[in-house]
Amino acid sequence: MSDFHELMIAVDLREEISEAELADLRWHLGMGPRPESLSIVTDFPVVVEDDSGAPVIEDDPYPLLAEQGPAWRVGGVLFSALASRADLPRKGWSLTSRQEIHPDQFEKVGELLCWLAGRADTSHLRENGAVRVGFLRFQETDVPAALRVEDGQVNWRG
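Our numbering numbers the first residue of the sequence shown as 283 and each following residue consecutively.
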(Lines of atoms letter the chains of each structure in order from A and count residues from 1; the text may use other names and numbers.)
(Lines give C-alpha, C1' and ligand atoms only; values in the text may rest on other atoms or scores of the structure.)
Protein backbone atom coordinates (compact mmCIF):
# COMPACT_ATOMS: atom_id res chain seq x y z
CA MET A 1 0.00 0.00 0.00
CA SER A 2 1.19 3.51 -0.80
CA ASP A 3 0.29 6.97 0.45
CA PHE A 4 0.00 8.73 -2.90
CA HIS A 5 -2.90 10.96 -3.85
CA GLU A 6 -4.25 12.35 -7.09
CA LEU A 7 -4.14 16.15 -6.94
CA MET A 8 -6.35 17.97 -9.43
CA ILE A 9 -6.12 21.75 -9.48
CA ALA A 10 -8.52 23.83 -11.57
CA VAL A 11 -8.52 27.54 -10.82
CA ASP A 12 -8.99 30.81 -12.68
CA LEU A 13 -6.65 33.58 -11.56
CA ARG A 14 -7.22 37.32 -11.66
CA GLU A 15 -5.16 39.27 -14.18
CA GLU A 16 -3.06 41.26 -11.68
CA ILE A 17 -0.13 38.83 -11.60
CA SER A 18 3.31 40.27 -12.29
CA GLU A 19 5.64 38.98 -14.99
CA ALA A 20 8.03 37.72 -12.28
CA GLU A 21 5.20 35.78 -10.61
CA LEU A 22 4.12 34.34 -13.98
CA ALA A 23 7.70 33.19 -14.65
CA ASP A 24 7.79 31.55 -11.21
CA LEU A 25 4.40 29.90 -11.77
CA ARG A 26 5.39 28.64 -15.21
CA TRP A 27 8.52 27.06 -13.70
CA HIS A 28 6.41 25.29 -11.04
CA LEU A 29 4.18 23.97 -13.84
CA GLY A 30 7.13 22.69 -15.88
CA MET A 31 6.51 25.31 -18.57
CA GLY A 32 9.62 27.45 -18.26
CA PRO A 33 13.10 27.85 -16.79
CA ARG A 34 13.68 28.50 -13.10
CA PRO A 35 13.72 32.24 -12.39
CA GLU A 36 16.79 33.74 -10.72
CA SER A 37 14.74 34.54 -7.63
CA LEU A 38 11.65 32.67 -6.48
CA SER A 39 8.64 34.65 -5.25
CA ILE A 40 5.85 32.09 -4.70
CA VAL A 41 7.48 29.29 -2.70
CA THR A 42 10.87 30.60 -1.67
CA ASP A 43 12.46 28.01 0.65
CA PHE A 44 13.21 24.38 -0.18
CA PRO A 45 15.35 23.21 2.74
CA VAL A 46 16.96 19.79 2.57
CA VAL A 47 19.40 18.16 4.99
CA VAL A 48 22.60 16.86 3.41
CA GLU A 49 25.98 15.81 4.74
CA ASP A 50 28.98 18.09 4.34
CA ASP A 51 32.48 16.79 3.54
CA SER A 52 33.02 15.79 7.17
CA GLY A 53 29.72 13.89 7.39
CA ALA A 54 27.96 16.54 9.51
CA PRO A 55 24.36 17.40 8.59
CA VAL A 56 23.82 20.80 6.99
CA ILE A 57 20.73 22.44 5.56
CA GLU A 58 20.83 23.51 1.93
CA ASP A 59 18.25 25.09 -0.32
CA ASP A 60 17.26 22.76 -3.19
CA PRO A 61 14.36 24.29 -5.18
CA TYR A 62 12.30 22.05 -7.43
CA PRO A 63 9.11 22.69 -9.44
CA LEU A 64 6.04 21.50 -7.55
CA LEU A 65 3.56 20.71 -10.34
CA ALA A 66 5.81 19.81 -13.26
CA GLU A 67 5.30 16.05 -13.73
CA GLN A 68 4.23 15.15 -17.27
CA GLY A 69 3.20 11.85 -18.85
CA PRO A 70 1.71 8.60 -17.57
CA ALA A 71 0.93 8.48 -13.86
CA TRP A 72 2.73 5.73 -11.94
CA ARG A 73 0.17 5.17 -9.18
CA VAL A 74 -3.17 6.91 -9.79
CA GLY A 75 -3.65 6.11 -13.49
CA GLY A 76 -4.18 8.51 -16.34
CA VAL A 77 -1.85 11.33 -17.35
CA LEU A 78 0.00 13.91 -15.26
CA PHE A 79 0.15 17.42 -16.74
CA SER A 80 -0.06 21.13 -16.05
CA ALA A 81 -1.43 23.90 -18.25
CA LEU A 82 -1.71 27.67 -17.96
CA ALA A 83 -3.73 29.70 -20.46
CA SER A 84 -4.43 33.40 -20.79
CA ARG A 85 -8.03 34.56 -20.44
CA ALA A 86 -7.24 37.89 -22.15
CA ASP A 87 -10.02 37.48 -24.73
CA LEU A 88 -12.69 36.45 -22.22
CA PRO A 89 -14.99 38.65 -20.08
CA ARG A 90 -13.19 37.59 -16.86
CA LYS A 91 -9.59 38.45 -17.71
CA GLY A 92 -6.67 36.65 -16.14
CA TRP A 93 -5.33 33.11 -16.32
CA SER A 94 -6.76 29.59 -16.20
CA LEU A 95 -4.64 26.92 -14.54
CA THR A 96 -5.21 23.17 -14.53
CA SER A 97 -2.84 20.58 -13.13
CA ARG A 98 -3.13 16.87 -12.39
CA GLN A 99 -0.31 15.41 -10.30
CA GLU A 100 0.55 12.52 -8.02
CA ILE A 101 1.41 13.82 -4.57
CA HIS A 102 2.70 12.23 -1.36
CA PRO A 103 1.80 13.69 2.06
CA ASP A 104 5.48 14.64 2.45
CA GLN A 105 4.84 17.19 -0.31
CA PHE A 106 1.71 18.71 1.24
CA GLU A 107 3.58 21.57 2.96
CA LYS A 108 5.34 22.94 -0.13
CA VAL A 109 2.43 22.31 -2.50
CA GLY A 110 0.19 23.89 0.15
CA GLU A 111 2.26 27.09 0.00
CA LEU A 112 1.67 27.23 -3.75
CA LEU A 113 -2.06 26.49 -3.34
CA CYS A 114 -2.38 29.30 -0.77
CA TRP A 115 -0.67 31.67 -3.20
CA LEU A 116 -3.09 30.59 -5.95
CA ALA A 117 -6.08 31.02 -3.64
CA GLY A 118 -4.99 34.57 -2.86
CA ARG A 119 -5.16 35.37 -6.58
CA ALA A 120 -8.19 33.26 -7.51
CA ASP A 121 -11.15 34.72 -9.34
CA THR A 122 -14.17 35.41 -7.13
CA SER A 123 -16.00 32.49 -8.79
CA HIS A 124 -13.88 30.17 -6.59
CA LEU A 125 -14.86 31.90 -3.34
CA ARG A 126 -17.31 30.02 -1.12
CA GLU A 127 -19.79 31.66 1.29
CA ASN A 128 -17.63 30.80 4.33
CA GLY A 129 -14.60 32.58 2.81
CA ALA A 130 -12.88 29.38 1.66
CA VAL A 131 -11.43 29.26 -1.84
CA ARG A 132 -12.06 26.13 -3.92
CA VAL A 133 -8.87 25.20 -5.78
CA GLY A 134 -9.50 21.61 -6.92
CA PHE A 135 -9.78 18.05 -5.65
CA LEU A 136 -7.72 15.45 -3.81
CA ARG A 137 -8.21 11.69 -4.04
CA PHE A 138 -6.33 8.98 -2.16
CA GLN A 139 -5.09 6.52 -4.77
CA GLU A 140 -7.18 3.64 -3.43
CA THR A 141 -10.50 5.49 -3.31
CA ASP A 142 -12.91 6.31 -6.11
CA VAL A 143 -14.31 9.64 -4.94
CA PRO A 144 -12.23 12.82 -4.70
CA ALA A 145 -12.70 15.37 -1.92
CA ALA A 146 -12.99 19.08 -2.60
CA LEU A 147 -9.72 20.88 -1.93
CA ARG A 148 -10.11 24.31 -0.36
CA VAL A 149 -7.91 26.96 1.16
CA GLU A 150 -9.44 28.29 4.39
CA ASP A 151 -7.88 30.96 6.62
CA GLY A 152 -4.56 30.67 4.79
CA GLN A 153 -4.35 26.87 5.17
CA VAL A 154 -5.09 24.03 2.77
CA ASN A 155 -7.82 21.70 3.98
CA TRP A 156 -6.11 18.45 2.87
CA ARG A 157 -8.93 16.36 4.37
CA GLY A 158 -11.63 17.82 2.10
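Positions of the beta carbon are idealized from the N, C-alpha and C atoms, including for glycine. The model shown is predicted, which means the values in this text are computed figures rather than measured ones.
Nearest-angstrom Cα separation, counted from residue j out to residue i
i, j, result
"Ala427", "Asp332", "42 Å"
"Thr423", "Val415", "20 Å"
"Leu300", "Ser334", "Residue identity check: residue 300 is Ser in the sequence provided, not Leu. When rounded, the distance between both Cα atoms is 43 Å."
"Leu295", "His287", "24 Å"
"Ser366", "Gly392", "23 Å"
First and last residue of the uninterrupted alpha helix (DSSP H) at residue i
i, result
"His310", "Glu301 to His310"
"Leu418", "Taken as a continuous stretch (DSSP letters only), Leu418 belongs to no alpha helix (DSSP H), being part of the beta strand (DSSP E) at Val413 to Phe420."
"Glu389", "Phe388 to Gly400"
Beta strand (DSSP E) segment containing residue i, residue limits
i, result
"Glu288", "His287 to Leu295"
"Leu429", "Ala427 to Glu432"
"Val436", "Gln435 to Asn437"
Review point. Does the stretch 378 to 387 touch the stretch 344 to 364, meaning 3 or more C-beta pairs lie closer than 8 Å?
Key: yes
Review point. Are three or more beta carbon pairs between the stretch 397 to 415 and the stretch 286 to 295 nearer than 8 Å?
Key: yes
**Study point:** Runs of beta strand (DSSP E) lying entirely within the stretch 329 to 386, each at least 3 residues, in chain order
**Key:** 337 to 341, 359 to 366 and 375 to 383
Check your understanding: Does the stretch 341 to 350 come close enough to the stretch 324 to 331 to have 3 or more Cβ pairs within less than 8 Å?
Key -> yes
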